[in-house]
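**Student:** Sequence lines, in order, name chains R and G. Numbers given in my numbering equal positions in the first sequence, counted from 1, plus 5. Numbers given in my numbering equal positions in the second sequence, counted from 1, plus 18. Cβ atoms here follow ideal geometry from the backbone N, Cα and C, with glycine treated the same way. Supplied in structure tokens, the structure appears directly below.
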Amino acid sequence: MYPYIDLGFYRLPTFWLINIIGVLVCALMLFIRNKDFSFLNVDITNAGAIGICGAVVGAKVLFALTIIPVLIKYREYYFSSFEIFFTAVSSGAVFYGGLILFIIVINWYLNRYSINKKTYWDFMAPCIPLFHVFGRIGCFLNGCCHGVVSERFGIAFSNSPSSINGIPYLPVQLIEAFLNLCLFFALIIFEKKYHNQGKILYVYIISYGVIRFITEFFRGDAIRGIWFFLSTSQWISLILICYGIYKLVTEIKKIDNKAVS
Amino acid sequence: MSDDIKKDINETVDTVKDEAVKVVEEVKSAFTGEAPNPNVGGGNAGYRAPQNSGSNGKAIASLVLGIIACVVGIWWWYVSLACAIVGIILGAMARKENQSGLATAGFVVSIIGLAITLIMFICLVIIGIGIGLSGY
Numbered sequence: 006m007y008p009y010i011d012l013g014f015y016r017l018p019t020f021w022l023i024n025i026i027g028v029l030v031c032a033l034m035l036f037i038r039n040k041d042f043s044f045l046n047v048d049i050t051n052a053g054a055i056g057i058c059g060a061v062v063g064a065k066v067l068f069a070l071t072i073i074p075v076l077i078k079y080r081e082y083y084f085s086s087f088e089i090f091f092t093a094v095s096s097g098a099v100f101y102g103g104l105i106l107f108i109i110v111i112n113w114y115l116n117r118y119s120i121n122k123k124t125y126w127d128f129m130a131p132c133i134p135l136f137h138v139f140g141r142i143g144c145f146l147n148g149c150c151h152g153v154v155s156e157r158f159g160i161a162f163s164n165s166p167s168s169i170n171g172i173p174y175l176p177v178q179l180i181e182a183f184l185n186l187c188l189f190f191a192l193i194i195f196e197k198k199y200h201n202q203g204k205i206l207y208v209y210i211i212s213y214g215v216i217r218f219i220t221e222f223f224r225g226d227a228i229r230g231i232w233f234f235l236s237t238s239q240w241i242s243l244i245l246i247c248y249g250i251y252k253l254v255t256e257i258k259k260i261d262n263k264a265v266s
Numbered sequence: 019m020s021d022d023i024k025k026d027i028n029e030t031v032d033t034v035k036d037e038a039v040k041v042v043e044e045v046k047s048a049f050t051g052e053a054p055n056p057n058v059g060g061g062n063a064g065y066r067a068p069q070n071s072g073s074n075g076k077a078i079a080s081l082v083l084g085i086i087a088c089v090v091g092i093w094w095w096y097v098s099l100a101c102a103i104v105g106i107i108l109g110a111m112a113r114k115e116n117q118s119g120l121a122t123a124g125f126v127v128s129i130i131g132l133a134i135t136l137i138m139f140i141c142l143v144i145i146g147i148g149i150g151l152s153g154y
């Protein structure tokens with residue numbers, strides 16, 4: 006694995022570099038697609054940057070909430086110093102926390118400056134799985150978020166600071182990256198067909214919810230929050246799938262009512 | 019400190035306070051789905067561009083916070099993360115209201131500060147997962 010790139014004076018985390026590349030690729034994709042939408046460049050960059058801030062905070066906050074039982078169980082260690090406590094609560098991230106706050110803060114920006122939310126999310130939503138492709142590749146290079154042990158299909162990590170080296174783990178990160186890439190192309194095609202109908206974000210939420218619910222069964226990394234046999238991300242997937250179906254049906258009914266009237 | 023500089027600082031602080039109150043109202047409305055309270059911070063339900071001095075205040079604040087985030091990002095990443103995020107938000111608002119070079123500079127510097135901070139964050143994620151494997 007390649008968790009770091011050694012620059013001599015500093016070891017640059019590969020996960021960080023891959024995510025930066027992901028952000029730049031998504032920005033390029035947004036500017037290319039903007040010819041079909043005509044948003045102001047300042048709105049694209051502002052909403053994107055503010056959304057990323059929300060995503061970082063949301064991912065960290067949700068992770069901190071999921072490890073509360075671990076913190077309480079080993080409180081003598083984790084509360085022994087501020088640095089150990091803060092490192093622990095900052096030491097992971099949950100994608101769903103980032104996604105939810107990303108959507109909320111961008112909606113705040115769109116409300117504040119009176120920008121059409123439906124059209125904007127049709128524009129922005131396909132870039133979320135595109136960015137996630139890079140995130141999962143970063144996870145693979147870092148050796149984190151791996152799958153269960155699999156002698157037949159597993160890949161053994163070496164030099165990974167985030168897993169036990171030498172044991173073959175199912176590369177769930179690469180599987181999810183591939184599925185996200187397929188989802189990106191599917192959303193692009195779907196958006197071309199149902200342009201400006203405000204459905205793309207909900208289709209993404211439902212599709213990714215299903216993908217994540219299934220892939221979570223094959224995750225084998227150490228720190229998982231488990232509640233009544235399902236992981237935190239699986240519970241969130243179920244909630245988001247229900248929410249996405251409800252909103253999609255509502256949007257379809259609105260469009261049908263407009264067509265009738 | 020001269021009176022002009024004190025006056026500029028006070029105006030900037032007042033602008034940031036007003037905008038903070040407006041932001042809280044708008045976040046509340048994003049959660050609840052209700053329209054923002056029109057009696058807060060301006061009294062207009064639709065978007066209205068504020069005075070240039072307000073935008074300049076935000077642009078300057080964004081630039082200052084971005085520089086702080088860049089400088090302290092490696093050592094005090096939690097401070098630089100807060101500065102970078104607030105800097106990006108203020109820079110975005112300043113760019114939207116009055117697209118000036120100063121607002122863009124503040125926005126860009128804050129983004130660089132966030133990128134530097136995230137390097138430290140990622141390193142902590144790697145260390146933290148390692149601690150998780152130690153049995154604790």
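Quick one: any contact between the segment 123-132 of chain G and the segment 72-91 of chain G, if contact means 3 or more CB pairs under 8 Å?
**Tutor:** Judged by pairs of C-beta atoms under 8 Å, the segment 123-132 of chain G touches the segment 72-91 of chain G, as three or more such pairs exist.
**Student:** Could you spell out where the alpha helix (DSSP H) holding residue 226 of chain R opens and where it closes?
**Tutor:** The sequence position of residue 226 of chain R within the first sequence is 221, counting from 1. Taken as a continuous stretch (DSSP letters only), residue 226 of chain R belongs to no alpha helix (DSSP H), as it is neither H nor E.
**Student:** Name the residue from R:35, R:222 and R:209 whose alpha carbon lies nearest to the alpha carbon of residue 246 of chain R.
**Tutor:** Here residue 246 of chain R refers to the residue found at position 241 when the first sequence is read from its first residue. Of the listed residues, the one whose Cα sits closest to residue 246 of chain R is R:209.
**Student:** Check for me: the beta strand (DSSP E) holding residue 157 of chain R runs from which residue to which?
**Tutor:** Indexing the first sequence from 1 puts residue 157 of chain R at position 152. Secondary structure note for residue 157 of chain R: it is in no beta strand (DSSP E), with a DSSP letter that is neither H nor E.
**Student:** Do you know offhand how far residue 148 of chain R's Cα is from residue 258 of chain R's?
**Tutor:** Here the question's residue 148 of chain R lines up with position 143 in the first sequence. Here the question's residue 258 of chain R lines up with position 253 in the first sequence. Rounded to the nearest angstrom, the two C-alpha atoms are 45 Å apart.
**Student:** According to DSSP, simplified to helix, strand and coil, what is residue 236 of chain R?
**Tutor:** Your numbering for residue 236 of chain R matches position 231 in the first sequence. If DSSP states are grouped into helix, strand and coil, residue 236 of chain R belongs with the strands.
**Student:** What residues of chain R sit near residue 114 of chain G, judged by a beta carbon separation below 7 Å?
**Tutor:** Translated into the one-based positions of the second sequence, residue 114 of chain G becomes position 96. Residues of chain R passing the Cβ test: 47, 51 and 118.
**Student:** How should residue 59 of chain G be labelled, buried or exposed, when 16 other C-beta atoms within 10 angstroms of its C-beta is the threshold for buried?
**Tutor:** Counting from 1 along the second sequence, the entry for residue 59 of chain G is found at position 41. The predicted position of residue 59 of chain G is uncertain, since its pLDDT is 45 and thus under 50; a value taken from the coordinates is nonetheless stated next. Per the 10 Å Cβ criterion, buried.
**Student:** Tell me which residue opens and which closes the beta strand (DSSP E) that residue 45 of chain R is part of.
**Tutor:** In the first sequence, the residue the question calls residue 45 of chain R occupies position 40. Unbroken run through residue 45 of chain R: none, as it is neither H nor E.
**Student:** Round the Cβ separation of residue 124 of chain R and residue 177 of chain R to the nearest angstrom and send it over; I've been treating them as touching at under 8 Å.
**Tutor:** Here the question's residue 124 of chain R lines up with position 119 in the first sequence. Here the question's residue 177 of chain R lines up with position 172 in the first sequence. Between residue 177 of chain R and residue 124 of chain R the Cβ distance is about 35 Å, and since that is not below 8 Å, they are no contact.
**Student:** Counting only C-beta atoms, is residue 110 of chain G closer than 7 Å to chain R at any point?
**Tutor:** Translated into positions along the second sequence, residue 110 of chain G becomes position 92. Closer than 7 Å to some Cβ of chain R, the Cβ of residue 110 of chain G qualifies, so yes.
**Student:** I'd like the ranges of any alpha helix (DSSP H) spanning at least 4 consecutive residues and lying wholly in the segment 77-127 of chain G.
**Tutor:** DSSP runs (the alpha helix (DSSP H)) wholly in the segment 77-127 of chain G: 95-115.
**Student:** Would you decide whether residue 9 of chain R is buried or exposed? Buried here means 16 or more other CB atoms lie within 10 Å of its CB.
**Tutor:** Counted from its first residue, the first sequence places residue 9 of chain R at position 4. Per the 10 Å Cβ criterion, buried.
**Student:** Within 10 Å of its beta-carbon, does residue 137 of chain R have 16 or more other beta-carbons around it, so buried, or fewer, so exposed?
**Tutor:** In the first sequence, residue 137 of chain R corresponds to position 132, counting from 1. Flag for residue 137 of chain R reads buried.
**Student:** Please name the residue in R:144, R:163, R:106 and R:193 whose C-alpha comes closest to that of residue 130 of chain R.
**Tutor:** Here the question's residue 130 of chain R lines up with position 125 in the first sequence. The residue with the shortest Cα to Cα distance from residue 130 of chain R is R:193.
**Student:** Using a C-beta cutoff of 7 Å, does residue 246 of chain R count as contacting chain G?
**Tutor:** Mapped onto the first sequence, residue 246 of chain R falls at position 241. False, the Cβ-Cβ gap to chain G never drops below 7 Å.
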